[in-house]
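Participant: Mind having a look at this structure? Questions to follow.
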Amino acid sequence: MLWKRNKLRKRADLAALYAAAGAARYGLSPAQFERILQQVQMLRHSHGGGDDAAFFEKLHLKELVLARACAQGNEIAWNDFMASYRPMIVNAARQLCRNPAGADEVAGSLYGELYGLKEREGKRVSLLDSYQGSGSLAGWLRMILAQREVDRWRQRRRVVAWEDESVDLVDPAATEAFADGLEPVSVLQESVAAALQDLPEEGRLLLSLYYLDERSLAEIGKVFHVHESTVSRRLNRLLQETRERVLAELCQRGLDASAAEEALLTDVRRLTLDVTTFLASTSRPQKSARERAKTPLPARLWRAAGASPRPTLGDPT
Amino acid sequence: MSQRPISEEILSEALPHLIRRELRRQTARPEGSGCPDANALAAFIEQHLDRTEKQAIVEHLNACQPCRMSVVFAMRAGQAAEASSSSRTALLTAPARSPFLPWGVAGGIAAGLLAAFVLFWQRPPAPRKTAALVQQASLQMPDPATPVQTYQAAISPALLPQAHRAHARVPAQPAAMSASAPALTSASSALPFTAPKSSSRAPIRQGFATLTPSHAPQSSVLPGMEVASTSLNSDGPASAPPQAGNSLPAGGSGSFAAPIPMASSFLGSPVMAQPHASLVSSGTPMSSDRLGFSRFLAQGSAGPVWRISSGGVLEHAAGRGAWVRVPLQAAGRLVSLTVSGAHLWAVSQAGTLYHSADAGQSWHPVHVGLDRHAMQDAIVGVHFADQQQGELITRSGAHWFTVDGGHFWRPVIAPSLTTGMAVRH
Chain A
1 MLWKRNKLRK RADLAALYAA AGAARYGLSP AQFERILQQV QMLRHSHGGG DDAAFFEKLH
61 LKELVLARAC AQGNEIAWND FMASYRPMIV NAARQLCRNP AGADEVAGSL YGELYGLKER
121 EGKRVSLLDS YQGSGSLAGW LRMILAQREV DRWRQRRRVV AWEDESVDLV DPAATEAFAD
181 GLEPVSVLQE SVAAALQDLP EEGRLLLSLY YLDERSLAEI GKVFHVHEST VSRRLNRLLQ
241 ETRERVLAEL CQRGLDASAA EEALLTDVRR LTLDVTTFLA STSRPQKSAR ERAKTPLPAR
301 LWRAAGASPR PTLGDPT
Chain B
1001 MSQRPISEEI LSEALPHLIR RELRRQTARP EGSGCPDANA LAAFIEQHLD RTEKQAIVEH
1061 LNACQPCRMS VVFAMRAGQA AEASSSSRTA LLTAPARSPF LPWGVAGGIA AGLLAAFVLF
1121 WQRPPAPRKT AALVQQASLQ MPDPATPVQT YQAAISPALL PQAHRAHARV PAQPAAMSAS
1181 APALTSASSA LPFTAPKSSS RAPIRQGFAT LTPSHAPQSS VLPGMEVAST SLNSDGPASA
1241 PPQAGNSLPA GGSGSFAAPI PMASSFLGSP VMAQPHASLV SSGTPMSSDR LGFSRFLAQG
1301 SAGPVWRISS GGVLEHAAGR GAWVRVPLQA AGRLVSLTVS GAHLWAVSQA GTLYHSADAG
1361 QSWHPVHVGL DRHAMQDAIV GVHFADQQQG ELITRSGAHW FTVDGGHFWR PVIAPSLTTG
1421 MAVRH
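From first to last, the protein sequence lines stand for chains A and B. Heads up: the first sequence is residues 1 to 317, going by the numbering used here. Heads up: the second sequence is residues 1001 to 1425, going by the numbering used here.
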C-alpha cells in the first residue's frame, strides 16, 4: 500500500508541476512533460544526486518547457521565445563582441543552433534540448554566447599554452650557485606551491582571475557576487597569508634570510630576463627548453636587469 | 643566534611574480577535459548550486582558464540586463545616505515635542482653578431697552481655552438665581447674561442658553464648534429650573425676529427662554412665583410649559393653567430637562437619562454608552437642539452627543456650542 500511496502522491506532484510549468500551452502532454523531467533527473543523478523534491522545486520549469517546446518546433513556443529572449541575445552578443558585425554573426549562428537546422537520424537537433533548467534560460543563453566568444577569441589570438612557458622560467644552471646541494630557486618554487596549495579554492580562483586572467576587481566581484572593495580586501588578505606561508616554508626548508632574498632576487631577475628574451625572440623560431638552457645569456641582458653576470651563467667562455 | 628576517620589500616585489608562475603551472590542463557544461556554469553564476556542486565548479575553474574566461564573459554579457534590477552586490554595498535624513530626524523630534506640549496643554486642570475660571465668565441680563435677540452667556474668547481646560460644569446663572441652585453651580452664581453685540463675534453660547437663528453664532474662536443655526424649535415649550429670584425685565418693546428658541433646563445653567414678544409688549412681568420659580411661556404658544420644581419634580402647565405634576417615579428627583416638540429628555439626580416621545405620557430610560458598554459616569445635564441632535454632560465633565434622537450616543471632546467646553467630535 505504501508504494501505491507514493505513486498517487507522485502523480499529484507531477500534475501540480505540469500545471505550474504551463506545458499545455505548447501542446506538451503530461507524458511528454514527465519524460522531460526524467531526462533532467537522470543527468542530475549522474552528477551526484540528492533530494528529488527539492531538486524539482529549484528547476525553472516554465523555461524548461519553453525550451523543449521550441526544440520540437512548436510555433507558439518560438513566438514566445523570440519575443522574450531575442532582445537579450542581441544585447549580450553586442556586449561581448563590441562591434555590431561580430555581434550579429554570433547571434545569427546561435539562432540557427537553437532552432535546429541540423538533423540527425531524421530528427531535428536543437541546442535547446541541452537546457536542463538548473539555471535561468537567459543565463544559459549568455553562457553559450560567452563560450562561443571565448572560442573565437582563442582562435584569433593563437594563445600559447601557458604550461610551455612555465617550465622555461627556471634556469637549471642557477641551482649550481649553492654548494651544499640546496636549490634555492627550486625551494622557493616549492614554498610558493605549498603556500598556494593551502589556500581555499575560492581564494585560489580569486588569485587566478586577478594574476592570470588579469581581470578587474569589478569583474571578479561579479563572479563572486560581492563588491569590488570586498574583492580588494580579500586579495590583500590572501597575499598576506601567502607571504607568511612562503616565509614559513623557506625557513622550514633551511634557507636563511640572505639565501632566501638572493633566491627571490634571482628569480625576479630571471623572470625579467626571460620575458625580455621571449619578446626579442618572437620573430625567430621557438627553441626548445633544453636548447635555451644551453645557450648563454648575453651579459648586457644581465646588466639591464641590474645584476652582475655570474661566471656560471652566460659568460661566453 | 637569531636569524635576520627576509626583507619585506624584496618579498613583496617578488611575490606576485611567484604567484602568477605557480598558478600557471598548477592550472595547466588539456582543453575541454572535464569542463562543466553551460547549464552548470550558468547555475554557478546565478548561485543555484548547492555547496558541493559549487565547490566542484570552483575547483575546476581554478584549473581551467577557458572556463574562467567564459564565466567572466557571461557575467559581462549579463551586466546590461542586471543593471536595472537589484542584484546581490547592491545588498553588500553601503547604503547611500539620504541627504534628507538629518531633516527627517529633526522633524520627528520636533513632532514629538509638539505632541508632548499639546498633551500637557490639554491635561485636566486642578479643581481649584475650575471654579475661578467659571467665575470669570460673565453673563449679563439683556438690556430691556433693546430687542433682545438672544440670551447668551458671554465668555471672553480669551477665557475660553481656560474654560475648556477647566471643564466648567456650567455656565453660570445669574447671581439672583443662585440661591436654590445646587452647590455644583454655586461658584457660577455671578454670571450674568449679556446681549450680543452685532459687530462683535457672537459669544459662545454657554450652558444651554439659546441663540436666535438670525444670529448664528460666529464663534470661530474654538475649533470644532458647530456654527449651527440653532434653529430652534419654534414650538418647544420653555422650562425653567428651580431658581429663585429670577425676574426678567418686564415691558420693553421690540419684536423678536426669530421664533422662540427651544430652551433647556440645565442644572445651574442660565436657563432663560426668550420671552414672548407679546408678553413683553403687554408688559406682563416674568416674575417669580411664591415658590420661587419663574414661569416662562413659549412664544405665542398655548402649548404646555414644562418645569422642574424645587423638589425635582417634573411639572407642566398648559398655557396659563396651573402646574401639574408629571409622574416619573422611577427617575426620582430630576435635575435637568430639555424639550423639543413632543419629545422630552430628563436627567435624574441619580444620573440617568429618560426620554418621552409623547409629551410626557410615557417615559423610558436611555442607554448611553458605546456598543454594549454603558457609560458609568452620572449624567448631570442634557440639551437637544432639535428632536435629533442632542448633547449631555456628565459629572466628570465628559460630553456625549447624538444625532439620531438619542438612540446612539458617542463621546466628544471638541468645544461645544452649548457649553463652550472642549468636546470631541
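Glycine residues also receive a C-beta, built at the ideal position from the N, C-alpha and C atoms. Here the structure is a predicted model, which is why all the values come from computation and not from measurement.
1) In chain B, what lies closer than 8 angstroms to S186 of chain A by C-beta?
2) Within 8 angstroms of any Cβ in chain A, is that where the Cβ of R1051 of chain B sits?
3) Can you pull the DSSP bridge partners for K118 of chain A?
4) Who are G102 of chain A's beta bridge partners in DSSP?
5) Distance check for V1403 of chain B and E1391 of chain B, CA to CA, integer angstroms please.
6) Would you check if the segment 130-138 of chain A and the segment 1043-1052 of chain B touch, i.e. whether three or more CB-CB distances between them fall below 8 angstroms?
7) I need the boundaries of the alpha helix (DSSP H) containing F85 of chain A, first residue and last residue.
8) Using a threshold of 8 angstroms, state whether the C-beta atoms of S1336 of chain B and G1397 of chain B are closer than that.
9) Applying the criterion that 16 or more other CB atoms from any shown protein chain within 10 Å of the CB defines a buried residue, is L1118 of chain B buried or exposed?
10) Once you ignore the five residues that flank R245 of chain A on each side, which residues in its own chain have a CB closer than 8 angstroms to its CB?
11) What residue from B:Q1349, B:D1358, B:Y1354, B:S1356 has the CA that sits closest to R1395 of chain B's CA?
12) Would you tell me roughly how many angstroms separate the C-alpha atoms of Q252 of chain A and R204 of chain A, rounded to the nearest one?
13) Which value, in whole angstroms, describes the spacing of the CA atoms of V1305 of chain B and A1331 of chain B?
14) Please report how far the alpha carbon of F1401 of chain B lies from the alpha carbon of W1103 of chain B, in whole angstroms.
15) Can you tell me the Cα-Cα spacing of R233 of chain A and A23 of chain A, whole angstroms?
16) Roughly how far, in whole angstroms, is the beta-carbon of S1070 of chain B from the beta-carbon of Q147 of chain A, given that I think they are within contact range, below 8 angstroms?
17) Within a Cβ cutoff of 8 angstroms, which residues of the same chain sit near C1035 of chain B, ignoring the five residues on either side of it in sequence?
18) Taking Cβ positions only, does K123 of chain A come closer than 8 angstroms to chain B?
19) Spell out a yes or no on whether the segment 205-217 of chain A and the segment 256-263 of chain A are touching, meaning 3 or more CB-CB pairs, one atom from each, closer than 8 angstroms.
20) I'd like the list of long-range same chain contacts for A1074 of chain B, defined as Cβ closer than 8 angstroms, with 5 residues on each side in sequence excluded.
21) Helix or strand or just coil, what does DSSP make of M1141 of chain B?
22) Alpha carbons only, please: which of B:T1352, B:V1324, B:A1385 is nearest the one belonging to G1341 of chain B?
23) Measuring only between beta-carbons, confirm whether G1078 of chain B sits less than 8 angstroms from chain A.
24) Using the DSSP secondary-structure output, state which residues sit across from L1344 of chain B in a beta bridge.
25) Can the beta-carbon of H1355 of chain B be found closer than 8 angstroms to that of H1367 of chain B?
26) Going along the chain, which residues of the segment 223-236 of chain A sit with their C-beta nearer than 7 angstroms to a C-beta in chain B?
27) To the nearest angstrom, how far is it from the Cα of V125 of chain A to the Cα of E119 of chain A?
28) Once the 5 residues before and after T1419 of chain B are set aside, which same chain residues still bring their CB inside 6 angstroms of it?
29) From B:W1121, B:Q1079, B:Q1122, B:R1123, pick the residue whose C-alpha is nearest to that of G139 of chain A; which is it?
30) Please list the partners that Q132 of chain A has in chain B, where partner means a Cβ-to-Cβ separation under 7 angstroms.
31) Where does the unbroken alpha helix (DSSP H) through L1119 of chain B begin, and where does it stop?
32) So which residues on chain B does V90 of chain A lean against when the C-beta distance must stay under 9 angstroms?
33) At 8 angstroms on the CB atoms, spell out the chain E contacts of W140 of chain A, in chain order.
34) For L1114 of chain B and G1405 of chain B, what's the separation of their Cα atoms in angstroms?
35) Name the DSSP beta bridge partners of I1308 of chain B, please?
36) 8 angstroms is my cut-off, CB to CB: does K62 of chain A come that close to chain B?
Facilitator: So, to answer that:
1) Simply none; closest approach about 12 angstroms.
2) no
3) A:V125
4) In DSSP, G102 of chain A forms no bridge with anything.
5) 9 angstroms
6) yes
7) Checking the displayed sequence, the identity of residue 85 of chain A turns out to be Tyr instead of Phe. Taken as a continuous stretch (DSSP letters only), the alpha helix (DSSP H) holding Y85 of chain A covers 75-97.
8) A distance of 8 angstroms or more separates the beta carbons of S1336 of chain B and G1397 of chain B.
9) In the sequence on display, residue 1118 of chain B carries Val and not Leu. It counts as exposed.
10) S191, A194, A195, D198
11) B:Q1349
12) 23 angstroms
13) 20 angstroms
14) 42 angstroms
15) 47 angstroms
16) 5 angstroms
17) H1060, C1064, P1066, C1067
18) Residue contact check for K123 of chain A against chain B: no CB pair falls below 8 angstroms.
19) no
20) L1041, A1042, I1045
21) Residue placement at M1141 of chain B is flagged as unreliable, the pLDDT there being 44, under the threshold of 50; a coordinate-derived value is accordingly withheld.
22) Minimum Cα distance to G1341 of chain B is reached at B:A1385.
23) Yes - at least one Cβ of chain A is within 8 angstroms of the one on G1078 of chain B.
24) B:V1339, B:S1356
25) Going by C-beta atoms, H1355 of chain B is not nearer than 8 angstroms to H1367 of chain B.
26) V223, H225, V226, H227, T230
27) 5 angstroms
28) Confidence at T1419 of chain B is low in this model, with a pLDDT of 48, below 50, so the placement of that residue is unreliable and no value is reported for it.
29) B:Q1079
30) N1039
31) 1101-1121
32) Neighbours of V90 of chain A on chain B: none; closest Cβ ~11 angstroms, over 9 angstroms.
33) Any reference to chain E falls outside this structure, whose protein chains are A and B.
34) In a straight line, the C-alpha of L1114 of chain B is about 38 angstroms away from that of G1405 of chain B.
35) B:L1314
36) Not an interface residue.
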